[in-house]
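Protein chains in written order, with our numbering: chain A, 1 to 149; chain B, 1001 to 1149; chain C, 2001 to 2149. Ideal Cβ placement from N, Cα and C applies to all residues, glycine included. A short worksheet on the structure shown next.
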Amino acid sequence: MKVGHNPMGLFEYNANKELIVRLNYDADLIQSITELARSKGVEAGSFTAIGALKRAKLGYYDQKNHEYREMKIDSPHEMASCMGNISLKDGEPFPHVHVVLADEMGNTKAGHLLEGIVFAAEVHLRQLEGPRLERKYDELTGLSLWNME
Amino acid sequence: MKVGHNPMGLFEYNANKELIVRLNYDADLIQSITELARSKGVEAGSFTAIGALKRAKLGYYDQKNHEYREMKIDSPHEMASCMGNISLKDGEPFPHVHVVLADEMGNTKAGHLLEGIVFAAEVHLRQLEGPRLERKYDELTGLSLWNME
Amino acid sequence: MKVGHNPMGLFEYNANKELIVRLNYDADLIQSITELARSKGVEAGSFTAIGALKRAKLGYYDQKNHEYREMKIDSPHEMASCMGNISLKDGEPFPHVHVVLADEMGNTKAGHLLEGIVFAAEVHLRQLEGPRLERKYDELTGLSLWNME
């Protein structure tokens, strides 16, 4: 396994529509973004979101053992930051989302968002037009990374 | 009060100007963004910002009792993340802003930004052109959410 | 030293290319963004990124004594949030980057990113076309801020 197996990759896009979206109360953020991308034909894009979640499941990727650890967040939190991108995985729109949550004292929990039940969420999604952006298994990291070769 | 009272709402916009802004030392971030939106005629938009604050006031929304709790942050912090959107509330440009602050040890406080006194702040605001984006009281959450019906 | 020495400054840009970039394993995020900007001729821009870092160095700016304090983060973290901008400093593309990192418990460290060794990182960079955006020493803060006079 050699370092540099996945060198910097770069694709150029043009901006298409800018979507402003209010997610459904009690919906899962990840599922909602997936459905949104599917229904609007978004195959490449990037988004930010703010709002609040009723509960969530976060992931931390163990870089050594190549596995996700999951953390349940079972109480309401502000979604202080949420950013992600959309690309294709197995030919379907796939959102990759990271989040910073804040509790009633302003204290934070953060990581990869696996599940997030919406109390209120305001999303700004930028649809990009250009090369096909597809994920492919990367041996070096054990992750599905963008195939840009 | 039925779940699904506020289903997913979606508006499509075209990007207009991209504004790069340096906020005034000692100004309040929320007021500055409001004035900026008003002076440039931004009625829908989204932004990110980085920099540092001299002090701040954060909010956490109590999802059960439908009220904001306020937290005073009385010391200088890095503004590690700041993202927000602009829409209309009572016919006027209204910024909705979330922030992650970091102290000298890298420890964080985060939430809804109610007030933030600027030490230095660099803003990137994207002006959007399209449907009128207006907030309206939502009974289910007790919040002013986007009216997208 | 008078307050208001650096009042709000505003430049207007048009969006150019949207760059989607996968950073190189083991590369430094700051250096990678600098090289990217140089190679693509990006003199003004803004970006977000998500992924994971193997280690990092964070900065906190002491607003009173006008000096950066550095914090070494010597273990793998999720990059829960990363946002930054590109402008010119001494005539060269210069990235200003803030980050929120999360450990295996979801606990966070955040601040100004001085160095970040990439495990995996997905960047969305928006190239902006318009006025020359150059940093200049600002006496009031001791920082290199945008010269917008």
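- Scanning its chain for C-beta atoms nearer than 6 Å, with the 5 sequence neighbours on each side dropped, one finds around residue 113/A the residues 97, 99, in chain order.
- Short of 6 Å from the beta carbon of residue 1019/B, and not among the five residues preceding or following it, lie these beta carbons of its own chain, in chain order: 1125.
- Residue pairing from DSSP places residue 1138/B in a beta bridge opposite 1143/B.
- Inter-residue distance for residue 2039/C and residue 55/A is about 43 Å (C-alpha atoms, whole angstroms).
- The bridge partners DSSP lists for residue 1068/B are 1061/B.
- In terms of CA proximity to residue 2086/C, 2033/C leads the group 2053/C, 2136/C, 2033/C, 2142/C.
- Contact with chain B is found for residue 2098/C, since one of that chain's Cβ atoms lies less than 8 Å from the residue's Cβ.
- Residue 38/A sits in a helix when the DSSP states are folded into three classes.
- As the crow flies, the alpha-carbon of residue 2024/C is around 11 Å from that of residue 2053/C.
- In summary, residue 1091/B is exposed, with fewer than 16 beta-carbon neighbours lying within 10 Å of its beta-carbon over all protein chains present.
- According to the DSSP secondary-structure assignment, residue 2111/C is paired through a beta bridge with 2099/C.
- A straight-line Cα-Cα distance of about 10 Å links residue 2036/C and residue 2030/C.
- The shortest C-alpha to C-alpha distance from residue 1080/B to any of 1134/B, 1016/B, 1060/B, 1049/B is the one to 1049/B.
- Closer than 8 Å to the CB of residue 15/A there is at least one CB belonging to chain C.
- Nearest Cα to residue 1046/B within the set 1147/B, 1127/B, 1133/B, 1122/B: 1127/B.
- Looking at the DSSP output, residue 13/A shares a beta bridge with 2018/C.
- For residue 88/A, the uninterrupted beta strand (DSSP E) segment begins and ends at 77-89.
- Cβ atoms of residue 1013/B and residue 104/A stay farther apart than 8 Å, at about 34 Å.
- Under the three-state reduction of DSSP, residue 2023/C is assigned to coil, being neither helix nor strand.
- Here residue 2130/C is actually not in contact with residue 2028/C; their C-beta atoms are around 29 Å apart, not less than 8 Å.
- The C-beta separation of residue 1110/B from residue 78/A comes to about 7 Å, placing the pair in contact by the 8 Å criterion.
- Within the same chain, and ignoring the five residues on either side of residue 2102/C in sequence, the residues whose Cβ sits closer than 7 Å to its Cβ are 2077, 2078, 2080, 2108.
- When C-beta distances to chain B are compared with 9 Å, the residues of the segment 2059-2091 of chain C below that value are 2059, 2060, 2061, 2062, 2063, 2064, 2069, 2071, 2073, 2080, 2081, 2082, 2083, 2084, 2085, 2087, in chain order.
- Taking C-beta separations shorter than 7 Å and ignoring five residues to either side along the sequence, the partners of residue 2142/C in its chain run 2066, following chain order.
- Think of a sphere of 7 Å around the beta carbon of residue 2112/C: the chain B residues whose beta carbon falls inside it are 1078, in chain order.
- Among the residues of chain A, those whose CB is under 9 Å from the CB of residue 2032/C are 8, following chain order.
- Residues of the segment 2110-2144 of chain C whose Cβ lies closer than 7 Å to any Cβ of chain B, in chain order: 2110, 2111, 2112, 2128, 2133, 2140, 2141, 2143.
- Listed in chain order, the non-local C-beta contacts of residue 15/A below 7 Å within the same chain comprise 126, 128, local neighbours out to five positions each way being set aside.
- At a cut-off of 8 Å, the C-beta of residue 2022/C has a neighbouring C-beta in chain A.
- Looking at the backbone, the Cα of residue 11/A and that of residue 1069/B are separated by about 44 Å.
- Among the residues facing chain A, residue 2104/C is included, as its CB has a counterpart in that chain under 8 Å away.
- The beta carbon of residue 1043/B lies closer than 8 Å to those of 1037, 1086, 1087, 1088, 1093, 1132, 1133 in the same chain, with the five residues before and after it left out.
- Using a CB distance cut-off of 8 Å, residue 2057/C does not count as an interface residue toward chain A.
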